[in-house]
Amino acid sequence: MRYDLNLLPVFLVLMEERSVTRAAARLGITQPALSNSLNRLRDTLRDPLFIRERYGIKPTQLAEEIAPTIEAALAQLDDLILNQQEFQPANAERLFTLAPNSYVELVLMPALVARTRELAPGIKLRMTAFGNDLAETGVISGTTAMALGRIVDPPDNLVVQHLMDDGLACVVRNDHPDVRGHISRQQYERLKHVNVLPPGRLRAGLFQALGQQNLKREVAVSVTHFLAVPEMLAVTDYCATLPSLICRSLERDPRLKVLP
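At position 13 of the sequence shown the residue is numbered 20 (my numbering), and the sequence of numbers has no breaks.
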């Protein structure tokens, strides 16, 4: 029997996303095309593989059993093929899926996209969500080329490279009634704060820094992205503690001021 290897990445993405809609979007294909691929897989393996549920799909027992083997086989195949090919960025025409967290997406990705456009105009980049679990990003299965964020205890089969360090700074509105050119410890603990809820591994860095200084803060509102912070600060007397490179971009906003 002849097998279509192109169906295997579809299977792995469905295992990770547990949703036909999200899987199709991630693969860059239509839902009917993905459903057609899934039906071919079902015919080949003689198993439903995924069962519809209220909020998505659930893998069958067979799907759970074969997923690790398929993942390992595709990883070996990728290694074999890539080792036989010399990558030439200037001539390459490929789509790379990256999983940056919200910090990296704001601070690093614009420069990375600009550099890629200059050196490799045929390369297309697609961003996917950076989750608490590396498996959710697709980097372990190979459907995502790279995850960029605060990586803690990565599995042994991943290559991890330290890129940079960053500090923290505080931001308040420019005409804040209680805070002038700097913020004292007492003011920091007295103010109410805007908290950003990115994936837990990034948030843990802030908690660690506050713990080292034995600082307390009262969170008044939590948002899901750094982009929401300036809008919250501009209309309240709240304070936000953010990475320094994020604060550098916020310095251009006349409504805000950055404090050491």
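From the three backbone atoms N, C-alpha and C, an ideal C-beta is built for every residue, glycine too.
Query raised in the report: Smallest Cα separation from Asn181: which of Leu84, Lys199, Arg197, Ala241?
Result: Ala241
- Message: Quick check: what's the CA-CA separation for Ser229 versus Asn202?
- Response: Here the alpha carbons of Asn202 and Ser229 stand approximately 4 Å from one another.
Next item on the list: Return the chain-ordered list of same chain residues with a C-beta closer than 7 Å to the C-beta of Ala216, the five sequence neighbours on each side being excluded.
Entry: Leu175
Just curious, the alpha helix (DSSP H) that Val17 is in, first and last residue? 14 to 24
Write down the C-beta distance between Ala273 and Pro96 rounded to the nearest angstrom, noting that I regard them as a contact closer than 8 Å.
-> Look at the range of the chain in this structure, 8 to 267, and you will see that residue 273 is not part of it.
Extent of the continuous alpha helix (DSSP H) run through Pro66:
Looking at the DSSP string, Pro66 is not in any alpha helix (DSSP H); the run it does join, the beta strand (DSSP E), is 63 to 66.
If you count every other CB in all the chains shown that lies within 10 Å of the CB of Ile190, and 16 or more means buried, which is it?
In the assembly as shown, Ile190 is a buried residue. Its beta-carbon has 16 or more other beta-carbons within 10 Å.
TODO: Under the assumption that Arg55 contacts Thr67 (Cβ atoms under 8 Å), give the Cβ distance between them as a whole number of angstroms.
DONE: One point to set straight first is that residue 55 is Pro, not Arg, in the sequence displayed. Confirmed, Cβ separation roughly 6 Å.
Using only alpha-carbon positions, find the residue among Cys246, Ala70, Val265 that is nearest to Ile58.
-> Ala70
- request: Rank Pro184, Asp85, Arg124 by C-alpha distance to the C-alpha of Ser148 and give the top, closest one.
  value: Asp85
_Residues in the same chain with beta-carbon distance under 6 Å from Val236, minus the five sequence neighbours each way, listed in chain order, please._
Val201, Ala247
TODO: Could you tell me how far apart the beta carbons of Glu225 and Lys264 are, in whole angstroms, since I believe they sit closer than 8 Å?
DONE: The Cβ separation is near 21 Å, so there is no contact.
| task | Return helix, strand or coil for Glu71, following the three-state DSSP convention. | result | helix
If you count every other CB in all the chains shown that lies within 10 Å of the CB of Pro184, and 16 or more means buried, which is it?
-> Burial is judged here by how many other beta carbons sit within 10 angstroms of a residue's own beta carbon; Pro184 has fewer than 16 and is exposed.
inquiry  = Can you tell me whether Ile158 is helix, strand or coil according to DSSP?
reply    = coil
Return the bridge partner residues of Pro250 from the DSSP annotation.
Checking the DSSP bridge columns, you'll see Pro250 partnered with Leu175.
Taking the alpha-carbon positions, what's the Ile130 to Tyr10 distance?
29 Å
field: Own chain, CB closer than 8 Å to Thr144, minus 5 neighbours either side, in chain order
entry: Ala106, Thr135, Ala136, Phe137, Gly138, Thr151, Ala154
Item to complete: Reducing DSSP to helix, strand and coil, say where Asn202 ends up.
Response: strand
Are there 16 or more other CB atoms within 10 angstroms of the CB of Arg33, so buried, or fewer, so exposed?
-> Buried is the call here.
Leaving out the 5 sequence neighbours to the left and right, which residues in its chain are closer than 7 Å to Pro261 when beta-carbon positions are compared?
Asn181
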